[in-house]
Every structure is written in C-alpha cells, then in structure tokens.
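Reviewing the structure listed below.
Protein chains: 2
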Amino acid sequence: MKLKAKNLRWLAGRPVIILTPETAKEMNIHVNERVGIVHNKKKIYAVVDIFSNLIKDNEVGISEELLTFLPIKNGSYVDVFPADLFSGGRIIKKKLMGERLSEEEIHTLISEISHNNLTEAEIAFFVSAEQFHGMDKKELIALTKSMIKTGNKINFNKKIIADKHCIGGIAGNRTTPLVVSICAAAGLTIPKTSSRAITSAAGTADTMETLTRVDFPQDKLVKIVNKVGACLVWNGSLNLSPSDDKIIHVERLLNLDVEPQLIASIMSKKIAAGSNRVLIDIPYGGGKINSLEKAKELGRKFEFVAKKFKIRLKVVYTLGNQPIGDGIGPVLEMFDIINVLRGDGPEDLKEKSISLSASLLALCDYKTPKKLARELLESGKAYEKFKEIVNAQNEANDFEKRIEKLKLAKFSKTFIVNKDKIIRKIDNKKINLLCRVLGAPQTKTAGVFLYKKIGRITKGEKLITLYSESEYKLRDAIKYFQEFEPIVLK
Amino acid sequence: MKLKAKNLRWLAGRPVIILTPETAKEMNIHVNERVGIVHNKKKIYAVVDIFSNLIKDNEVGISEELLTFLPIKNGSYVDVFPADLFSGGRIIKKKLMGERLSEEEIHTLISEISHNNLTEAEIAFFVSAEQFHGMDKKELIALTKSMIKTGNKINFNKKIIADKHCIGGIAGNRTTPLVVSICAAAGLTIPKTSSRAITSAAGTADTMETLTRVDFPQDKLVKIVNKVGACLVWNGSLNLSPSDDKIIHVERLLNLDVEPQLIASIMSKKIAAGSNRVLIDIPYGGGKINSLEKAKELGRKFEFVAKKFKIRLKVVYTLGNQPIGDGIGPVLEMFDIINVLRGDGPEDLKEKSISLSASLLALCDYKTPKKLARELLESGKAYEKFKEIVNAQNEANDFEKRIEKLKLAKFSKTFIVNKDKIIRKIDNKKINLLCRVLGAPQTKTAGVFLYKKIGRITKGEKLITLYSESEYKLRDAIKYFQEFEPIVLK
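From first to last, the protein sequence lines are chains W and A. Just so we're aligned, residue 1 is where the first sequence starts under the working numbering, counting upward by one. Just so we're aligned, residue 1001 is where the second sequence starts under the working numbering, counting upward by one.
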C-alpha cells in the first residue's frame, strides 16, 4: 500500500513505523508485526506501532532508526507491505533447530542485525540458539569475519599494535589503565578501547571518564595514539562491530554472555582496530568461569581464532575468586590506579598489572619483560605515560587539577568487625550488585572500599565502606549488604 | 525520579513509556531499557522510547497497554526508575540454563507475561528454553494451570461439554464445522472456539467468517450455545489464556510451535471453557509431525495432562500426508463444508469428519457412534444444525441468502496436465504458502481448488485452479507454483 511518509523525530530503538488504527486495519497489519518498506528500490524491514493522533490515515510515521538505513523525504510516498519470514528469520530458525550455518548464512544474518532489520525477539532466538548449540570452528571464524566486515576499521599505520582484554566478571580488577601505561611507556603502540559497565560496578570506560573524555571519533583517536602511543577510550561510538552492540543489548536482558558471541565480539573488535599482538586475561574460580579447565577450553578457542586471522595471541589464566584492588566503583577504582602508579596502592592490583604487562611485552619480543614492567611502574615512567594519555585525551595540561577534583560520595557507612573472624568469601557478583545499589556506575563517586581480602580480620578492624550520593540508596545498600552477604565471615 | 504522566493515545504492543532525550539522559536510561513505574503503591515494568516533540522534559508519555495494568490519571506524578533483572527474567534464565522450574516460578512467569511485563525478546528466550529443555510432567501441569488461572473462564452450566481440536499443519482439513454440526445434532453441547490462521491458508474462524460473525463477548457466546447447543467462533477476544496469545505472537516470528506451549495452550483453553470430553486430532506424516511414533509421544502427553485435570480425552492419529478436502482458502473450504453437509463434497473430508464425530460421540457414551454420525450427516440433520448455528451467530434467518452471496475470486488460472502422469506428493506447507501468495486468509475468496489427490491423473484432466482478487498476486502465485512445486508429478 502506498503511504505518505511523515518523519517524526522519534527514537524507538529499532526501525518502527506508525500507522493509524484505520490504515493498519485496512492493511490487515497488527501492532508489532513486521512490514517491508520500499522506497527508491531500496527495502528495509520495520515493526508497526499504532498511534491515532500523530499522523493521518494513509500516512506512515517513521522513526529515526529507519531513516538511518533508508533516507525518506518528508511527504514522499513509500510502499508498505506485510512481510513474512525473511532470510534472517529462516537462518535463525535453522540454527535454533541445531543445524550448522554456512559462512554466507552467517554473513546475511550479521548484516541484517547490523542494519537493524531484526527485532530484539529474533535476536533473542539467535542468542539462545548459540547458547544451546554453540558454534563449530568454521562458524566461529565466519561469525568473527562477518562482524569485522559489517563494522568500521581503524588504521594506525604501525607494524606492531598491541592490545589486552579481560573477559570480565571480577569486581575491581581495573588493570587496563596500568597495563596500557606500562606497555606504552615501554614504547608499544596500544590503542585500548573499552566498554562501559554492563552488569558490573564500572567498566574501564566508566573509570577513565572520571578523569578524561573517552568518546572520540575515529580520526581524533588516531591522532591521540600517534601522539602518545596509546589511548584509553570508549568503544561505543567507533562502530567497530555494530551487530555486536545490538546482540549485547539483548543478552543484557538476562545477563547472558554467550560463548561464540563473546569470542567473536572481542576478536572482531581487536582485528578491526588493527591489533596483531593480543593478550587475553581469563579469570577463573569466581567470575564468569568456575574452573581452570573451563577457562582453558575457552582460551583454546581464542587461540584458534587468532591463528586463523594471523594474530599473535596469548591467554593468561588468573585466579578470580575475589575482587582485585581495594576500591570498586569508577572513582574508587581510579584512586587505586593513581596510587599504584605513584608506587603505593593495593598489592594485588599492582602485581597483576605487572604480570599482564610482562606477558604482553614478551608477546612483542621484549627481553626480560617482567623486570622491565616493574621498572617502568616503580620508576614513575608508567605514571608519566598515564598523565600523557589523559592530557592528550583532554587536549589540556590539567592532569593534576583533575586528580585533585576527584572525590568520593557524600554519604558513607563503614562496617567494623566486633570480634576476630575469618573472611571466607568475597562474592564478585554480589559486590558488583552492592555497588549498583549504591548508584555505580551512573554515579561515579559511588561504590565500596574493601579494607581486607580473604583471610583473618581482627576485632575492631574495618571491613568495608559503602559510598553513595543518596541517603536512600545507602540505606538500601546496607540492607542488601546485611541480607545477601557479599562478604562471608566466620 | 518523579515525572508528570501524560496519557498518549498510543498502542505500542507492550507497555512503553516515552521520555524526552534530556530526561532520559538525566536518568541515565537508554532506548529500549526497562524501567519500573510506581504509582499508588502499584508497580509495573515498561520499556523506554525516546521522543523529542511529544512531551516536555520531566514528563513521561504513557502507552495504552501500560494504562490497562496501572491506571494513571493525566497530569498525576509517578516514580520512574531504572529496573534491573526482575523476577520473570531470573526465572527465564534459570530455564534457559536447563534447570527445572517450580510451580510458583511458572506461575510468576505466566502472570508477568499475561500482564505484559515481559518484552518480546524475553519471551523469545523463554520459548527457546522450552524448545531445548522441554518441560517435565510437573512443569507441564503447572504451565497449564497457570495459563488457566491468568485467563477468563466460561461457565455453560452443563454436565457434559464436548470439544475437539486438531493440532494443525494439514491444508484444507476443515473438519471442525462438520464435527460440531454432527455432534450438536446428536444432542451434545459443543462450544467450539477456534483461532484464525497463523501460517496456514485459513483457520476455522476465518472460514466461518465467510458466513457469520465470529467475534463475541462471553455472555453472548453462552446465550448462543444455550440456544443451539454449539457455536463456531473466534477465541481471540475471549481472553481465555492471555499469556498464550503473547507467546504465540513471538513463536510466529520464526513459525515455531514449541511442544509444551502447544499442549498447555490447547488444554488450558479447553479447561477454561469447561470442556470435559475432548478429542484431539494429531495428523502425522506430512504436517507438523512426521512419524506415527512422534505423534503418539505427543498424544501421551495430552492424555497425561487430561488425566490430571479429570478430563476424558481421546487422541486420534490421522494420516496427514496431503491436504484434506478439495478447496483451500476460507470460501473454498466453506464450499466443501456446505457440499458435504448437502450429501455431496469431497469424500476424504466427509469420511474424516464422520470418523472424528464418532470418536467424540463414543467418548460421550453414545452407542453405535459411527452409524449415528453417518446418519446425522446423510439425513441432513447436521446441515440443519449448521444452519441453526450460523443463524444464531448472525441473529438472523438469512442462511440461504448468505450462501448465495459466497463467491470465488475474480482472477483464476487452471492447470491441466498435458500427458498421463502420477501425482507423487502434495506438500501441505507449500500449498498453504501458495494460498497466502494468492491473498488468503485476508482475502477470503482467494485460495486453490485441487481436482485430484495423490495417484494417477490422465492427460487433459484438471490439476488445480488458483484464485485471487489481484492479477498481480495471481502472477506471483503462478510463478511460485511452477518454481516451488507444491504438487510433485511424475
């Protein structure tokens, strides 16, 4: 049916059209059904909303997302027709039924997802299919390839580009700014792009944002890296893997982390950014993966993909049975980082960062890498590099001023133990949730400070301080802390 | 955050709120994220759309679906806050990971679905989980119970209420109006509610609609059944199982038919309508189920559920290797029905209807049921009953006039074989798709007429006629018929 397009300035999160109840009835289309829209011989799929007072009959209201893929002038006519199961849907069903997908099918699917042609429900079916049937090696390579193909690429024009990635799940554990500073101080090019927190108290991007701008267009990013050899920025607006962002959005509904998606997501972004020396940190024993054996299974898959794409990759397996560092939450983690860079700070965070840096330096053929990493950190050279990166990202020379401005949240509550005890367990997931109750990562100053890790704690010693900008949230968090026991004492 | 509610007359298919970009930013909420809305101590979940010119900052635009569950006066203030994983999500994840659900968990989930608190993506995860892990007997009973509990019930105030159901997949196969007419003529109370076509050329409701109104409120329905002992109506507006309608909507995205959902859907609707004698027709060998063995596996599950709910149920297994009846499409199927009722019409449809009627009569303790069914059909008594039902539903006495008005689509194309051949296969799915290309079920007069079934066909004999109201669609259908071979000749 020919309808007159009306551009509504409207973000719906997916390509949506609006019809009046009368037009919808005439077309025999219902709310949430799929339609095809054809304009200038280009076709796109969208779902239907019904709205009575925003447009007239025989008009079609159009969401911003749709205009991104199919530019339609206000007032021009488009063909709208009910759409049946389309290629993406057929491919998802095939995978859901346990069949293997060809490279071409995977590419069609990923391309449809990145063009916003699939509903979230369809993406959920695909995620479920991956969860159950996994992907074999060929599929995994095709998935990674498709995700690279559909996204932007960055060219830094360097022979060796290093990167590191942790699969996450451990509270605190903000090694990235330290590893980047150490390795860049050693002369490596290490353009690190990171995500914001999904289910945790802070992502590297959230933490860096307490000191510096993190959202850059690609050309700006290349300039920063060419100037100081590294960056610590947010990957969100770089569009390295548009389908991945959409799939993660759906996974997030149930806090899922589906393995083939996880591997292809990380590897495609590294490859798109031109990295050819990659260190992967897989914590086990309390984060996303329980046993070392499972961690190694995952690690071998990373190695396989890396080999296919001619990337030198090393996997390190680290113990993740409790948080790393003392502070958890964006500003609290930044304090840990600054302290470590100044020669102080939590031992576990410092030693893990040195060890990861050494592995990455070794991968890039540096001699005596462990010694080198420690020297660069303890001599203050890594700190200088960190300052350079922050100043370059801010286009200013005000690092010290920014550090001074960092402060913790207004309201706090410290728990002190009233007799000698043993800390048996500190649950990463529950600590992250506790921080979210306190307002992190949205509230950068919120979070917790851990005075002790697993082991003995003496009567009168501090256990933890909770920080929040809201008295109400602090009360909720105290209740959560007492009821859900993120720290188990005995 | 406290926001001023603005009721927009807006059907979004799920509870959605609209925020301005500024308000969303302040709340740190993104498009498609979930929020909780609290008003008068009642809470509901919704997802977020962002729209700049429909509401002001600090206002929240509200969709019709949300108002159904949480009445909010225009201009009153509501609390809106970001929502994390909620109970429904946790339960779905548990099932997705392969754990069994308790009765309480299933009830929470079904209740949240029926209250529109879950997004389609979350329902898709649940459907996938059922597809992979199935449901054990306890879960299946809990699912059926919850679906009954969350929907309306009908009370016909009769001791014996009969019903029949076919799990579908066979083109044509419009036995329901015949079985209902025969059994009601025998004196049974048989209040048959049916769906519209989902993936087929016509549902019973679509076919009945060629002659009569099919959409009734519950009180009206009870009146009709009390008057003529039966009805042939649409189940859509009766709200017997609101969660089921939503789940089916999501299944439809990939044309899925997940087994536990299928069983609970059928059984919950029968039980909600008070039926206590139920005949289930499971075709095998070419519809939804390939082998008799698989059909029997499914049948045993129906028997198990029926026993738990103290329903007398019989399963019949019928051969479904090709369409039943000559016409496929709403009006074409109605012609077959009228012809059979008048003592003529396709033999396969007639004999299957007699056989199903006999099984249902036997289940209701009638003696010599097969003989009785045949007599009622061949004597014209079933035809009289059918007229009564149609006239009662139309509140008129114009059956004959309505029959006269029935006509087929304007454009047609008949295929004639040009030499002696054998019809090897008639594919149900492809025949249904062919009818959809021709415009059925939206266009009631569209569809196909099959002159022959599997077996010999002689040079010069007609094979099939395609009917459409659109020349364009007819052209498409001819192409489909030639390329996809719904009928395989040799």
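No residue lacks a Cβ here, since even glycine has one placed at the ideal position from N, Cα and C.
Start-to-end residues for the beta strand (DSSP E) that takes in His107/W: For His107/W, there is no enclosing beta strand (DSSP E); the enclosing alpha helix (DSSP H) has its first and last residue at Glu103 to Ser114.
Contact set between Lys1093/A and chain W, taken where Cβ atoms lie within less than 8 Å: Within chain W, the residues near Lys1093/A are Leu254, Asn255 and Leu256.
Are Gly447/W and Leu349/W closer than 8 Å when you measure CB to CB? No, these two residues do not count as a Cβ contact at 8 Å.
Hey, does Gly1061/A have any beta-carbon neighbour from chain W nearer than 8 Å? Output row for Gly1061/A: interface = no.
Ile1022/A to Val1035/A span [Cα, whole Å]: The residue you asked about is not Ile; residue 1022/A is Glu in the sequence shown. Distance between the alpha carbons of Glu1022/A and Val1035/A: 16 Å.
Using a C-beta cutoff of 8 Å, does Trp1010/A count as contacting chain W? By this cut-off, Trp1010/A is an interface position.
Ordered along the chain, which non-local residues of its own chain (more than five positions away) have a Cβ less than 7 Å from that of Lys288/W? Shown here for Lys288/W: same chain residues with a beta carbon closer than 7 Å to its own, the five before and five after excluded, namely Ile167, Gly168, Gly169 and Asp257 in chain order.
With a cut-off of 8 Å, does the C-beta of Ala1477/A fall near any C-beta of chain W? For Ala1477/A, the closest Cβ of chain W is not nearer than 8 Å.
Could you compute how far the alpha carbon of Lys1004/A sits from the alpha carbon of Ile1037/A? Each residue's CA atom was taken as its position, placing Lys1004/A and Ile1037/A some 12 Å apart.
Quick one: does Ile271/W have its CB under 8 Å from some CB of chain A? For Ile271/W, the answer is no, since every Cβ of chain A falls outside 8 Å of its Cβ.
Indicate whether at least one CB of chain W lies closer than 8 Å to the CB of His1249/A. Chain W, which has a Cβ nearer than 8 Å to the Cβ of His1249/A, makes this yes.
What does the alpha-carbon distance come out to for the pair Leu1067/A and Lys1041/A? Between Leu1067/A and Lys1041/A, the C-alpha separation is close to 15 Å.
Partners in chain A for Gly327/W, counting only beta-carbon separations shorter than 8 Å: Within chain A, no C-beta atom comes nearer than 8 Å to that of Gly327/W; the closest sits roughly 21 Å away.
Sorted by chain position, which residues of the same chain lie with C-beta nearer than 7 Å to Arg342/W's C-beta, five sequence neighbours on each side aside? Here Arg342/W has Tyr383 as same chain residues with Cβ atoms under 7 Å from its own Cβ, once five neighbours each way along the sequence are excluded.
In the segment 1108 to 1134 of chain A, which residues sit with their C-beta less than 8 Å from some C-beta in chain W, listed in chain order? Residues Thr1119, Glu1120, Ala1121, Glu1122, Ile1123, Ala1124, Phe1125, Val1127, Ser1128, Ala1129, Gln1131 and Phe1132.
So, does the CB of Asn235/W fall closer than 8 Å to a CB anywhere in chain A? Closer than 8 Å to the CB of Asn235/W there is not a single CB belonging to chain A.
Please report the straight-line C-alpha distance between Asp1245/A and Arg9/W, rounded to a whole angstrom. If I take the Cα positions, the gap works out to 32 Å.
Taking only the alpha-carbon atoms, compute the straight-line gap between Thr189/W and Phe126/W and give it to the nearest angstrom. The alpha-carbon atoms of Thr189/W and Phe126/W are separated by roughly 36 Å.
Would you say Thr1193/A and Asn1235/A are within 8 Å of each other, going by their C-beta atoms? Yes; because the gap between Cβ atoms is below 8 Å, this pair is in contact.
Kindly confirm or deny that the segment 306 to 315 of chain W and the segment 424 to 434 of chain W touch, where touching means at least three C-beta pairs closer than 8 Å. Segments in contact, no.
Can you pull out the residues from the segment 284 to 309 of chain W whose beta carbon lies closer than 8 Å to at least one beta carbon of chain A? The segment 284 to 309 of chain W vs chain A, Cβ under 8 Å: nothing.
Can you give the Cα-Cα distance for Ala1373/A and Leu1279/A, rounded to whole angstroms? In a straight line, the C-alpha of Ala1373/A is about 15 Å away from that of Leu1279/A.
Could you check what DSSP says for Arg1436/A in three-state terms: helix, strand or coil? Three-state result, Arg1436/A: helix.
Listing by chain order, which chain C residues have their CB less than 9 Å from the CB of Phe51/W? In the displayed structure, chain C is absent; the protein chains listed are W and A.
Tell me whether Val48/W sits in a helix, a strand or coil according to DSSP, three-state version. Secondary structure at Val48/W: strand, using DSSP grouped into helix, strand and coil.
Could you confirm whether any beta carbon from chain A is found closer than 8 Å to the beta carbon of Leu96/W? Using beta-carbon distances, Leu96/W counts as an interface residue toward chain A, with a partner under 8 Å.
Minimum Cβ-Cβ distance from Gly1447/A to chain W less than 8 Å: Proximity of Gly1447/A to chain W, defined by a Cβ-Cβ separation below 8 Å, is not satisfied.
On the CB-based measure, 16 or more other CB atoms within 10 Å of its CB, does Ser1291/A come out buried or exposed? Note on Ser1291/A: under 16 other CB atoms within 10 angstroms of its CB, so exposed under the neighbour-count rule.
In terms of alpha-carbon separation, which member of Ile1113/A, Lys1056/A, Ala1358/A and Glu1130/A lies closest to Arg1277/A? Nearest of Ile1113/A, Lys1056/A, Ala1358/A and Glu1130/A to Arg1277/A, Cα basis: Ala1358/A.
Does the contact criterion of 3 or more C-beta pairs under 8 Å hold for the segment 1352 to 1368 of chain A versus the segment 1213 to 1227 of chain A? Using a C-beta cut-off of 8 Å, the segment 1352 to 1368 of chain A makes no contact with the segment 1213 to 1227 of chain A, since fewer than three inter-stretch Cβ pairs fall below that distance.
Helix or strand or just coil, what does DSSP make of Lys1381/A? Collapsing the DSSP output to three states places Lys1381/A in a helix.
Can you find a CB in chain W that lies within less than 8 Å of the CB of Val1488/A? Cβ-Cβ to chain W under 8 Å: no for Val1488/A.
For the pair the segment 316 to 327 of chain W and the segment 448 to 455 of chain W, tell me if three or more CB-CB distances fall below 8 Å. Pairwise C-beta distances place the segment 316 to 327 of chain W in contact with the segment 448 to 455 of chain W, as three or more of them are shorter than 8 Å.
Using three-state DSSP, classify Arg1312/A as helix, strand or coil. In this structure, Arg1312/A counts as strand in the three-state DSSP scheme.
Are the CB atoms of Gly1274/A and Ala1440/A nearer to each other than 8 Å? No.
Using the beta-carbon of each residue, which ones in chain W are nearer than 7 Å to Gly1203/A? The contacting residues do not exist; Gly1203/A stays about 14 Å from chain W at best.
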